[in-house]
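S.K.: Residue numbers (the numbering used here): 914 to 1125. Idealized CB from N, CA, C, for every residue including glycine.
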Amino acid sequence: MATLAPLPDVAAATPPRAGVARLRGFVTNLAELVSATRNEAEILETGAKLLARLIAQDDWLPPAFAIPHPDRYQQYLLHCDSRERFSVVSFVWAPGQGTPIHDHRVWGLVGVLRGAETSERFVRQGDGSLKPDGPAQLLRAGEVEALSPRTGDIHRVGNARSDGPSISIHVYGGNIGAVERATYALDGTAKRFVSGYASTVLPNLWDRSQTP
Ligand code: FE
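Below you can see the structure in the form of structure tokens.
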């Protein structure tokens, strides 16, 4: 396995109440990471540490990207790499909201910023149907989970709270809103879907007049 050069610690160097500067540092570090290696295991290992550091502080997500919708979960694009090597998305769940069973086709990292998320993984059986791969996992604020299509990336996620919204920050190895992938019924029937995004604007990471 290739050794990664140390990444610049941009996120850690930003002051408290850094606002979007913290997110800017995170995407800068991720761009360095995917430039330094194409090894998925290395990207997931180092990316998980970067994401854990990002979500350790809940002071940077602009309020416009934290608003739940009463009818459906929100998938706000926070950043897409200019070469679509990765994207960063804020998932906002109202109580009772969650995804159908789905896959990703690219690597993924899930980190909970606020509240808690449930994650149920599924595996294919010989007859093509899906069965749960162990009990549902509870992901609490500050925790990170990795997903890889190489080891099985079919899951269902949702809000673990019944008394308020939860927000998780997801990072994917592509422009996830444009990736053609599938949702599944338990009998294994796949249905093509391209998720898109709930938002048409992105946070402005590049105005350095307030935070250098
Ligand atoms: Fe997912």
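1) State the DSSP-derived secondary structure class of residue 1064, mapped to helix, strand or coil.
2) Within the 8 Å Cβ cut-off, does residue 1034 reach chain D?
3) Just to confirm, are residue 940 and residue 1115 a CB contact at a threshold of 8 Å?
4) Hey, would you say the C-beta of residue 1017 is under 7 Å away from at least one heavy atom of the ligand FE?
5) For residue 1069, is the classification buried or exposed, using 16 other Cβ atoms within 10 angstroms of its Cβ as the cut-off for buried?
6) Using 8 Å for Cβ pairs, my map puts residue 1011 next to residue 986. What's the rounded Cβ distance?
7) With distances taken from CA atoms, which of 1031, 934, 938 is nearest residue 1074?
8) What do you reckon, is the C-beta of residue 1084 under 7 Å from a heavy atom of the ligand FE?
9) Compute the minimum distance between the beta carbon of residue 982 and the heavy atoms of the ligand HEM, and state whether it is under 7 Å.
10) So, with DSSP's three-state summary, where would you put residue 957?
11) Which of the three DSSP states is assigned to residue 999 in this structure?
12) Distance, Cα to Cα, residue 958 vs residue 1077?
13) Can the beta-carbon of residue 1028 be found closer than 8 Å to that of residue 1080?
14) If you measure from the CB of residue 1064, is any heavy atom of the ligand FE nearer than 7 Å?
15) Taking 8 Å as the limit between beta carbons, can you name the residues of its chain near residue 1042, skipping five residues before and five after?
16) Work out the CA separation of residue 1096 and residue 1013 for me, nearest whole Å.
17) Under 8 Å, do residue 936 and residue 991 count as touching if we go by C-beta distance?
18) Which residues in the same chain have their Cβ closer than 8 Å to the Cβ of residue 964, if we skip the five residues on either side of it in sequence?
19) Would you identify the three-state DSSP class for residue 1005, choosing helix, strand or coil?
20) In whole angstroms, what separates the C-alpha of residue 1040 from that of residue 1103?
M.R.: So, from the data block:
1) Taking the first residue of the sequence shown as position 1, residue 1064 is located at position 151. Residue state, collapsed to three classes: coil.
2) In summary, chain D is missing from the structure at hand, where a single protein chain is found.
3) Mapped onto the sequence shown, residue 940 falls at position 27. Mapped onto the sequence shown, residue 1115 falls at position 202. Cβ distance not < 8 Å, so residue 940 and residue 1115 don't count as in contact.
4) Here residue 1017 refers to the residue found at position 104 when the sequence shown is read from its first residue. At least one heavy atom of the ligand FE is nearer than 7 Å to the Cβ of residue 1017, so yes.
5) Mapped onto the sequence shown, residue 1069 falls at position 156. It is buried - the Cβ of residue 1069 has at least 16 other Cβ atoms within 10 Å.
6) Counted from its first residue, the sequence shown places residue 1011 at position 98. Counted from its first residue, the sequence shown places residue 986 at position 73. With 8 Å as the limit, residue 1011 and residue 986 qualify as a contact, their Cβ atoms being about 7 Å apart.
7) As a first step, residue 1074 must be located in the sequence shown, where it is residue number 161. For the residues 1031, 934, 938, the minimum Cα distance to residue 1074 belongs to 1031.
8) Sequence index remark: in the sequence shown, residue 1084 carries index 171 (1-based). It does not: the Cβ of residue 1084 is nowhere closer than 7 Å to a heavy atom of the ligand FE.
9) This structure does not include the ligand HEM; its bound ligands are the ligand FE.
10) Taking the first residue of the sequence shown as 1, we reach residue 957 at position 44. Three-state DSSP puts residue 957 in a helix.
11) Here residue 999 is taken as the residue at index 86 of the sequence shown, counted from 1. Reduced to three states, the DSSP call for residue 999 is coil.
12) In the sequence shown, the residue the question calls residue 958 occupies position 45. In the sequence shown, the residue the question calls residue 1077 occupies position 164. In a straight line, the C-alpha of residue 958 is about 31 Å away from that of residue 1077.
13) The residue given as residue 1028 occupies position 115 in the sequence shown. The residue given as residue 1080 occupies position 167 in the sequence shown. Cβ distance < 8 Å, so residue 1028 and residue 1080 count as in contact.
14) Here residue 1064 is taken as the residue at index 151 of the sequence shown, counted from 1. No, the beta carbon of residue 1064 sits no closer than 7 Å to any heavy atom of the ligand FE.
15) The residue labelled residue 1042 in the question sits at position 129 within the sequence shown. If we look at residue 1042 and ignore the five residues flanking it on each side, its Cβ neighbours are 1099, 1100, 1101.
16) One-based indexing of the sequence shown puts residue 1013 at position 100. One-based indexing of the sequence shown puts residue 1096 at position 183. Distance between the alpha carbons of residue 1013 and residue 1096: 6 Å.
17) As a first step, residue 936 must be located in the sequence shown, where it is residue number 23. As a first step, residue 991 must be located in the sequence shown, where it is residue number 78. The answer is yes: Cβ separation under 8 Å.
18) Sequence index remark: in the sequence shown, residue 964 carries index 51 (1-based). Here the set comprises 939, 1022, 1024, 1057, 1082, 1084.
19) Looking up residue 1005 in the sequence shown gives position 92. Of the three classes helix, strand and coil, the one that applies to residue 1005 here is strand, per DSSP.
20) Position 127 of the sequence shown, counted from the first residue, corresponds to residue 1040. Position 190 of the sequence shown, counted from the first residue, corresponds to residue 1103. Near 14 Å, if we compare the C-alpha coordinates of residue 1103 and residue 1040.
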